[in-house]
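Novice: Going down the list, the protein sequences come from chains L and P.
Residue 45 in our numbering sits at position 45 of the first sequence, with consecutive numbering throughout.
Residue 22 in our numbering sits at position 22 of the second sequence, with consecutive numbering throughout.
Ideal Cβ placement from N, Cα and C applies to all residues, glycine included.
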Amino acid sequence: DTGVSQDPRHKITKRGQNVTFRCDPISEHNRLYWYRQTLGQGPEFLTYFQNEAQLEKSRLLSDRFSAERPKGSFSTLEIQRTEQGDSAMYLCASSPTGNTEAFFGQGTRLTVV
Amino acid sequence: GQNIDQPTEMTATEGAIVQINCTYQTSGFNGLFWYQQHAGEAPTFLSYNVLDGLEEKGRFSSFLSRSKGYSYLLLKELQMKDSASYLCAVRDEYYTDKLIFGTGTRLQVFP
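(1) Thr38 of chain L to Val112 of chain L, Cα distance in whole Å?
(2) Where do the ends of the beta strand (DSSP E) carrying His10 of chain L lie?
(3) Under the three-state reduction of DSSP, which class applies to Ser72 of chain L: helix, strand or coil?
(4) Check the Cβ of Arg31 of chain L against every Cβ in chain P and list those closer than 9 Å, keeping chain order.
(5) Please report whether the beta-carbon of Pro7 of chain P lies at a distance below 8 Å from any beta-carbon of chain C.
(6) Would a C-beta distance cut-off of 8 Å place Pro43 of chain L and Leu32 of chain L closer than the cut-off?
(7) Using C-beta distances below 6 Å, list every residue in its chain close to Asp7 of chain L, excluding the 5 sequence neighbours before and after it, in chain order.
(8) By Cβ distance below 6 Å, which residues in the same chain neighbour Tyr24 of chain P in space, the five residues on each side in sequence not counted?
(9) Please state whether DSSP places Gln6 of chain L in a helix, a strand or coil.
(10) Can you check which of these residues, L:Leu60, L:Thr2, L:Glu101, is closest to Arg36 of chain L by C-alpha distance?
(11) Among P:Pro7, P:Trp34, P:Phe101, which one has its Cα closest to the Cα of Glu56 of chain P?
(12) Going by beta carbon distance, what residues of the same chain come within less than 8 Å of Lys98 of chain P, once the five residues before and after it are set aside?
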C-alpha cells in the first residue's frame with residue numbers, strides 16, 4: 001500500500017471547461033475527505049464520505065462542484081465551468097475511522113487560465 | 001465563528017529548539033492535530049492531542065490546554081530538513097471529522 005493516490009498531479013485548463021480529479025484512498029479506509037489549499041493558506045474542507053455516503057459538504061462547494069465515491073472505494077471531484085478562482089491545490093485524504101489522523105495524498109494542482 | 005491563529009513565519013538555527021504556537025476559537029472541540037508540509041508536498045501527520053498535557057514523539061512534542069484554547073508544537077535538535085510549513089488543525093465536534101486548519105507557520109532552519 002503506497003498511501004493515498006491522486007490523479008492527475010497537475011491540470012491546466014481554460015476557463016469554462018470541466019475538470020475531474022480522482023483519488024484512491026488507502027485500502028480499507030472508509031473515510032475520504034476533499035480539501036482545497038491556496039498558496040500560503042491551510043487546507044479548507046470541501047466534503048467527506050463515509051464509505052459511499054457523502055456526509056457533509058462545505059458551503060465552499062458551490063453547485064459547480066460535485067464529488068462521488070461509488071462503491072466506497074475511489075472518489076472523483078468534478079468542477080464544471082471552471083473559473084480562475086478555482087485555481088488551487090485539491091487535496092484528498094483518508095482515514096480508517098473518525099478518531100484518527102487523516103493521511104493526505106500529494107494533491108492535484110489546478111490552474112485555470 | 002471558527003478561528004485558528006498561528007504565526008506566519010519563524011526562523012531558527014540548526015540544532016536549536018523552536019516552539020510554534022497555535023490558538024483556537026471553535027464552536028466545539030474534539031482534538032487538535034499538527035501536520036508538517038514541505039513545499040509542493042502533502043501534509044504529513046505529526047501529532048494529535050485531545051486531552052490537556054504534553055505528547056512527546058522523538059524530537060517533536062505537542063502541548064494542549066483546552067481551557068486556554070492553546071497548543072504548541074516543540075521541535076528539538078532542529079535539522080535543515082525541518083524547514084517546512086507546520087499546520088495546526090482542530091476537529092470541531094459539531095462537524096464530525098472535518099478539520100479546521102490554520103494558515104500554517106513557515107519555518108526556516110538556517111545552518
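Specialist: The answer reads as follows:
(1) Note on geometry: alpha-carbon atoms of Thr38 of chain L and Val112 of chain L lie some 13 Å from one another.
(2) His10 of chain L: member of the beta strand (DSSP E) spanning 10 to 13, first to last residue.
(3) The identity of residue 72 of chain L in the sequence shown is Gly, whereas the question assumes Ser. Three-state result, Gly72 of chain L: helix.
(4) Neighbours of Arg31 of chain L on chain P, chain order: Asp97.
(5) Of the protein chains in this structure, namely L and P, none is chain C.
(6) In terms of Cβ geometry, Pro43 of chain L and Leu32 of chain L do not form a close pair [threshold 8 Å].
(7) Hits under 6 Å: Arg22.
(8) Answer for Tyr24 of chain P: Ile4, Gly69, Val90, listed in chain order.
(9) Strand at Gln6 of chain L.
(10) Of the listed residues, the one whose Cα sits closest to Arg36 of chain L is L:Leu60.
(11) Distance check between Glu56 of chain P and each of P:Pro7, P:Trp34, P:Phe101 places P:Trp34 closest, using alpha-carbon atoms only.
(12) So the list reads Arg91, Asp92, once near-sequence residues are dropped.
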